[in-house]
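**Student:** There's a structure below that I have some questions on.
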Amino acid sequence: MNKSEQLFEQAKNTIPGGVNSPVRAFNGVGGTPCFIKKADGAYMYDANDKKYIDYVGSWGPMILGHNHPKIKQAVIETAENGLSFGAPTELEIIMAEKVKAIVPSMEKLRMVSSGTEATMSAIRLARGYTGRDKILKFEGCYHGHADSLLVKAGSGALTMGVPNSPGIPEDFAKHTLTVSFNNLEEVKEVFASIGDEIACIIVEPVAGNMNCIPPVEGFLQGLRDICDQYASVLIFDEVMTGFRVALGGAQEHYTITPDLTTLGKVIGGGMPVGAFGGKREIMDYIAPVGPVYQAGTLSGNPIAMAAGLAALNEMSTQDLHTDLAAKTKQLALGFKAAADKHKIALSVNYVGAMFGFFFTEEPIVTTYKQATECDAQRFKLFYHMMLDEGVYLAPSAFEASFLSTAHSAQDIQATIDAAERCFEKLANQ
Ligand code: PMP
């Protein structure tokens with residue numbers, strides 16, 4: 004047994020499945036998860052001291068690479084003054100102003116400690132503001148594990164084949180309407196029948212929890228128009244796309260303005276942070292000014308704010324996103340060319356610094372159905388071959404992978420070369 008295998012066995016005695024979040028258990032690809040000892044820049048090192056080029060980036064936060072010196076310094080300096088006060092700090096104002104400057108649709112915002120909290124709070128706010136119970140989401144989109152949102156959700160739930168988790172009363176789930184991503188006609192149909200009961204549409208503007216599926220032309224604008232027509236709240240869940248698809252997120256990239264936005268991952272620079280915000284009029288429904296209750300002992304925690312602020316400052320002082328998008332495109336097209344060379348059917352999607360690849364004959368993947376019909380067995384084989392090559396991709400065919408500014412041209416080329424060797428092996432199997 005190697006060290007990761009030993010640790011996994013030990014972990015399973017005290018931690019359900021040996022992990023603190025299901026997708027880490029490698030359920031989607033089988034085998035033993037890599038237990039990580041340390042990470043730096045574009046690389047992670049496991050318990051056996053094997054080095055990987057990392058395309059997970061802690062599932063998104065590490066857009067500047069691991070262990071970024073400015074973020075680390077901000078955390079250490081801020082920790083000198085104490086870890087948490089449960090009282091307001093100036094840092095929270097600076098952070099809110101910074102986020103608002105980058106994402107102007109967030110006229111007011113509130114910090115929370117995870118993406119789940121951000122989406123859960125935004126949904127409650129939309130319901131409180133409109134006085135309506137129903138919400139509309141899309142099959143394959145994941146918005147965290149709050150009860151109303153874990154209905155036909157993607158991510159870990161999809162991988163494990165339990166799209167509707169036990170423990171969620173049907174009475175909750177029945178208020179969540181689920182339609183197909185990228186299918187405006189279905190949304191229109193639902194709204195035509197019960198539009199005045201729907202509090203909000205929540206959408207990942209680029210779906211990243213059923214692999215990577217960008218919106219088709221007109222989809223997001225269509226959602227905007229429908230919400231305007233029926234006075235429903237449009238929520239962009241930018242937990243994954245925020246500061247990644249573009250500095251100002253998918254709403255900047257596609258120039259669509261949602262009413263509310265949820266953020267997570269990058270906004271904390273690696274610390275547990277999320278945020279939700281949007282139109283002033285809606286945000287003023289939140290306690291203590293408004294009637295909708297929402298709170299958090301560690302919300303706006305100084306260390307988390309310092310880390311997040313350092314990350315946002317670093318990103319907004321220079322144009323990193325053009326380069327990130329170019330590198331992501333190079334990697335995705337490199338995978339495609341390498342697969343073509345060995346006659347492996349592969350389709351790739353990429354937007355900004357997020358990408359996905361699908362083992363399918365379909366030239367372009369735009370739907371959840373297409374994503375779920377891909378060759379899962381081939382993905383598993385490829386995944387482990389790449390891991391052996393020292394490339395750490397998202398351990399699920401239903402997750403997007405991420406690039407960081409720390410990935411060098413050599414890292415990208417080494418990854419494409421490794422992929423080509425793996426495609427060749429797959430072709431010969
Ligand atoms: N929304 C989206 C789009 C996500 O990708 C995730 C997490 N992968 C969440 C919400 C939930 O965030 P967290 O895991 O921080 O609760």
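So for the sequence shown, the working numbering puts the first residue at 4; every next one is plus one. C-beta: ideal position from N, C-alpha, C; glycine also.
#1: Apply the 10 Å Cβ neighbour rule to V269 and answer buried if 16 or more other Cβ atoms are within range, or exposed otherwise.
#2: Leaving out five residues on either side along the sequence, give the residues of the same chain with a beta carbon under 7 Å from the beta carbon of T162.
#3: Can the beta-carbon of T181 be found less than 7 Å from the beta-carbon of E142?
#4: Write down the C-beta distance between M109 and G280 rounded to the nearest angstrom, noting that I regard them as a contact closer than 8 Å.
#5: Consider the C-beta atom of S117 and the heavy atoms of the ligand PMP; say whether any pair is separated by less than 6 Å.
#6: Reducing DSSP to helix, strand and coil, say where A340 ends up.
#7: Would you call I238 buried or exposed, if buried means 16 or more other Cβ atoms sit within 10 Å of its Cβ?
#8: Is any heavy atom in the ligand PMP found nearer than 6 Å to the beta carbon of V242?
#9: Do you know whose CA, among S183, L349, T331 and A28, lies nearest D339's CA?
#10: Mind checking whether H146 and L139 have CB atoms under 7 Å apart?
#11: Of the residues F382, A409 and S411, which one's Cα is nearest the Cα of K428?
#12: If I measure Cβ to Cβ from G271 and keep anything under 8 Å in the same chain, skipping five residues before and after, which residues do I get?
#13: Could you check if G33 is buried or exposed, using at least 16 other CB atoms within 10 Å of its CB as the buried criterion?
#14: Rounded to the nearest angstrom, what separates Q321 and K282 at their Cα positions?
#15: With respect to 6 Å, is the separation between the Cβ of E142 and the closest non-hydrogen atom of the ligand PMP below this value?
#16: What residue from Y48, D228, K53 and F88 has the CA that sits closest to H69's CA?
#17: Does DSSP put H146 in a helix, a strand or coil?
#18: Within the present structure, is the beta-carbon of H146 separated from the nearest heavy atom of the ligand PMP by less than 6 Å?
#19: Between the alpha carbons of G252 and S319, how many angstroms are there, rounded?
#20: Less than 6 Å separating the Cβ of G267 from some heavy atom of the ligand ATP?
#21: In terms of residue numbering, what span does the beta strand (DSSP E) encompassing K54 cover?
**Tutor:** Reading from the atomic positions:
#1: By the neighbour-count definition (other C-beta atoms within 10 Å, threshold 16), V269 is a buried residue.
#2: Residue confidence for T162 is low, a pLDDT of 35 falling below 50, so the modelled location carries little weight and cannot support an answer.
#3: Contact: yes.
#4: So it is a contact: roughly 4 Å between Cβ atoms.
#5: Within the cutoff, so yes.
#6: Helix, per DSSP.
#7: Only buried fits I238, as 16 or more other CB atoms lie within 10 angstroms of its CB.
#8: For the ligand PMP, at least one heavy atom lies less than 6 Å from the Cβ of V242.
#9: Residue 339 is actually Lys in this sequence, not Asp. Comparing Cα-Cα distances from K339 to each of S183, L349, T331 and A28, the minimum goes to L349.
#10: The answer is no: Cβ separation not under 7 Å.
#11: For K428, the nearest C-alpha among the options comes from F382.
#12: The residues are P64, G277, A307, A310, G311 and A314.
#13: With fewer than 16 Cβ atoms within 10 Å of its Cβ, G33 is classed as exposed.
#14: Answer to the nearest angstrom: the Cα atoms are 28 Å apart.
#15: No; taking the cut-off as 6 Å, the Cβ of E142 has no heavy atom of the ligand PMP nearer than that.
#16: The option with the nearest alpha carbon to H69 is Y48.
#17: H146 carries a coil assignment under DSSP once its states are collapsed to helix, strand and coil.
#18: For the ligand PMP, at least one heavy atom lies less than 6 Å from the Cβ of H146.
#19: Spanning the two alpha carbons is a distance of roughly 12 Å.
#20: With respect to the ligand ATP, the structure offers nothing, as its ligand set consists of the ligand PMP.
#21: Counting along the chain, the beta strand (DSSP E) containing K54 begins and ends at K54 to D57.
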